[in-house]
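There are 2 protein chains.
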Amino acid sequence: MPVTVLLVDDEPLVRAGLRAILEAQPDISVVGEAADGAAVVPLVRQLRPDVVAMDVRMPLLDGIEATRAVLRSVPGPPKILVVTTFEQDDYVYQALRAGADGFLLKRAAPAEIVHAVRLAAEGESLLFPAALRELAAAHGNPRARAVLERAALTAREEEVLRLVAAGLTNAEIAQRLVVGTETVKTHVSSLLAKLGARDRTQAVILAYESGFVAPG
Amino acid sequence: MPVTVLLVDDEPLVRAGLRAILEAQPDISVVGEAADGAAVVPLVRQLRPDVVAMDVRMPLLDGIEATRAVLRSVPGPPKILVVTTFEQDDYVYQALRAGADGFLLKRAAPAEIVHAVRLAAEGESLLFPAALRELAAAHGNPRARAVLERAALTAREEEVLRLVAAGLTNAEIAQRLVVGTETVKTHVSSLLAKLGARDRTQAVILAYESGFVAPG
DNA sequence: ACGCTCCTCCCCCGCCCGGGGGAGGCGGGA
DNA sequence: TCCCGCCTCCCCCGGGCGGGGGAGGAGCGT
Numbered sequence: 688m689p690v691t692v693l694l695v696d697d698e699p700l701v702r703a704g705l706r707a708i709l710e711a712q713p714d715i716s717v718v719g720e721a722a723d724g725a726a727v728v729p730l731v732r733q734l735r736p737d738v739v740a741m742d743v744r745m746p747l748l749d750g751i752e753a754t755r756a757v758l759r760s761v762p763g764p765p766k767i768l769v770v771t772t773f774e775q776d777d778y779v780y781q782a783l784r785a786g787a788d789g790f791l792l793k794r795a796a797p798a799e800i801v802h803a804v805r806l807a808a809e810g811e812s813l814l815f816p817a818a819l820r821e822l823a824a825a826h827g828n829p830r831a832r833a834v835l836e837r838a839a840l841t842a843r844e845e846e847v848l849r850l851v852a853a854g855l856t857n858a859e860i861a862q863r864l865v866v867g868t869e870t871v872k873t874h875v876s877s878l879l880a881k882l883g884a885r886d887r888t889q890a891v892i893l894a895y896e897s898g899f900v901a902p903g
Numbered sequence: 688m689p690v691t692v693l694l695v696d697d698e699p700l701v702r703a704g705l706r707a708i709l710e711a712q713p714d715i716s717v718v719g720e721a722a723d724g725a726a727v728v729p730l731v732r733q734l735r736p737d738v739v740a741m742d743v744r745m746p747l748l749d750g751i752e753a754t755r756a757v758l759r760s761v762p763g764p765p766k767i768l769v770v771t772t773f774e775q776d777d778y779v780y781q782a783l784r785a786g787a788d789g790f791l792l793k794r795a796a797p798a799e800i801v802h803a804v805r806l807a808a809e810g811e812s813l814l815f816p817a818a819l820r821e822l823a824a825a826h827g828n829p830r831a832r833a834v835l836e837r838a839a840l841t842a843r844e845e846e847v848l849r850l851v852a853a854g855l856t857n858a859e860i861a862q863r864l865v866v867g868t869e870t871v872k873t874h875v876s877s878l879l880a881k882l883g884a885r886d887r888t889q890a891v892i893l894a895y896e897s898g899f900v901a902p903g
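Line by line, the protein sequences are chains S and U.
To convert, count from 1 in the first sequence and add 687; that's this note's numbering.
To convert, count from 1 in the second sequence and add 687; that's this note's numbering.
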């Protein structure tokens, strides 16, 4: 029995391309198409595909929400491959966290795409390491990163934030930086204001969420 | 010109297996072998392989340190694939953070291994999503995870820790849980003691480091 | 020389936080 | 039954923390 695939992309051209590549394989069958995320759940229920190739950026319901919706509402869900142009896309990371099984790069060779679909159907899938490193290092959620970037912290403030996020008290930071505790308090107050954080706890959270400090 | 590969593994059997699989390909050539990580850097300098297939667990110098050593000391370094038995291995994650380009599962089919080596040589590589999800979710450093596990927090304490790590004050947590602030204080004090944390800031750090709360 | 930003330090004040100790009710296991 | 762990609430107290304002010096670009 062939591997059945559902294509979800708002651009007909991309769907046509994927269909052409996949239908050329005797053991792969494209059983349906959808132009936006809202149509995915009913189609999955109806067609029961093995694999869903889903674009991330779509009108109405994006690939991330659509992935969540499918996994939440369909028992024995299909494998979901996220289709993307750039491997370092923020949305891809979010989709993977939402439960997607892997992704397809649009610029990948046809053979790669076919291979990825087959692997996904078998329970494995393809990932490219540049994206992996991105994941491991700078996978913070975009909002937190935006806050940190817009904050425009000074060098000293960044240094202090790093120490705050390491669990040091103001006195310890002062000792470490060889300045007065009053100075540290000034820096902390300043960076809290810039970050829109109420206290150091929230600043630490922001530091982790944004990837400013890396866990592990 | 063929893809050149250096094999690094302390078990001769594994080296022989990889050699047999890879040498069967006309465009792949195994140019050398090493039995431990300490021998890797000089061999890489001498042989200039395109790809290094390296075991993680080895005597003398493990795959993580060997990866760091190669990347630090060899200009225009080869692609490094970590060879492992279990995809959810902590060491694999560390190796990837150290700069490895991907990994090879020992139980993977020969064709997969060949494919991974070719992809690595081209600048891409294979990864399996189960490991990815592990990376995204539970990639906390083992020490922090151990602390959290040994802490044996009660259900209520875990709940409170989650809210502390969300940036709430004791009063807000009390309101959220519909209990008195004194009660929240008790829980917080208790979990701080169990975690060995001096204040809520350090508790939040531990929560992130251990993967108890997930960033993103 | 002027203005700007950054780093440094100081004051006062109020509050939330964390430590210590005590205590009652409620459930499960020895 | 009795004991123990968990959840709940209370007291006092000290200290670190955060907000407000002010101020001086160093470096930089104009």
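Quick reminder that beta carbons are idealized off the backbone N, C-alpha and C, glycines included.
Distance between residue j and residue i (C-alpha atoms, nearest Å)
i: residue 721 of chain U; j: residue 763 of chain U; result: 20 Å
i: residue 887 of chain U; j: residue 835 of chain U; result: 14 Å
i: residue 702 of chain U; j: residue 894 of chain U; result: 41 Å
i: residue 870 of chain U; j: residue 757 of chain S; result: 40 Å
i: residue 890 of chain U; j: residue 759 of chain S; result: 32 Å
i: residue 832 of chain U; j: residue 694 of chain U; result: 33 Å
i: residue 830 of chain U; j: residue 901 of chain S; result: 15 Å
i: residue 805 of chain S; j: residue 805 of chain U; result: 18 Å
i: residue 896 of chain S; j: residue 864 of chain U; result: 24 Å
i: residue 711 of chain U; j: residue 688 of chain U; result: 16 Å
i: residue 858 of chain U; j: residue 874 of chain S; result: 26 Å
i: residue 823 of chain S; j: residue 898 of chain U; result: With a pLDDT of 42 at residue 823 of chain S, under the threshold of 50, the modelled position of that residue is not reliable, and no figure is offered here.
i: residue 856 of chain U; j: residue 872 of chain U; result: 10 Å
i: residue 846 of chain U; j: residue 884 of chain U; result: 17 Å
i: residue 700 of chain U; j: residue 726 of chain U; result: 18 Å
i: residue 733 of chain S; j: residue 842 of chain S; result: 56 Å
Residues of its chain near residue i, where Cβ-Cβ distance is below 8 Å and the 5 sequence neighbours each way are ignored
i: residue 708 of chain U; result: 797, 800, 801
i: residue 867 of chain U; result: 861
i: residue 932 of chain S; result: This structure gives no information on residue 932 of chain S, because the portion of chain S shown stretches from 688 to 903.
i: residue 881 of chain U; result: 838, 839, 840, 844
i: residue 771 of chain S; result: 742, 743, 778, 779, 790, 791, 792, 793
i: residue 713 of chain S; result: 689
i: residue 755 of chain U; result: 785, 786
Interface partners of residue i on chain U, CB under 8 Å
i: residue 888 of chain S; result: 851, 854, 887, 888, 891
CB of residue i within 7 Å of CB of residue j, strictly
i: residue 905 of chain U; j: residue 786 of chain U; result: Since the first residue of chain U shown is 688 and the last is 903, residue 905 of chain U is not available in this structure.
i: residue 753 of chain S; j: residue 705 of chain S; result: no
i: residue 718 of chain U; j: residue 729 of chain U; result: no
i: residue 795 of chain U; j: residue 690 of chain U; result: no
i: residue 854 of chain S; j: residue 715 of chain U; result: no
Sequence-distant residues of the same chain with beta carbon closer than 6 Å to residue i, five excluded per side
i: residue 819 of chain S; result: For residue 819 of chain S, the pLDDT reaches just 41, beneath the cut-off of 50, and the residue's location in the model is therefore unreliable, although a value from the coordinates is still provided. Taken in chain order, the list of residues that qualify is empty.
i: residue 852 of chain U; result: 891, 894, 900
Close Cβ partners of residue i (< 7 Å) along its chain, the five nearest in sequence each way excluded
i: residue 731 of chain U; result: 693, 739, 757, 761, 765
i: residue 849 of chain S; result: 900
i: residue 878 of chain U; result: 840, 844, 847, 848, 890
i: residue 876 of chain S; result: none
Contiguous alpha helix (DSSP H) assignments of at least 4 residues, all confined to the region 861-892 of chain S: 868-882
4-residue-minimum alpha helix (DSSP H) runs that sit fully inside the region 706-731 of chain S, ordered along the chain: The qualifying runs do not exist here; there are none.
Give, in chain order, every unbroken run of the alpha helix (DSSP H) that is at least 4 residues long and sits entirely within the region 731-808 of chain S. 750-760, 777-785, 797-808
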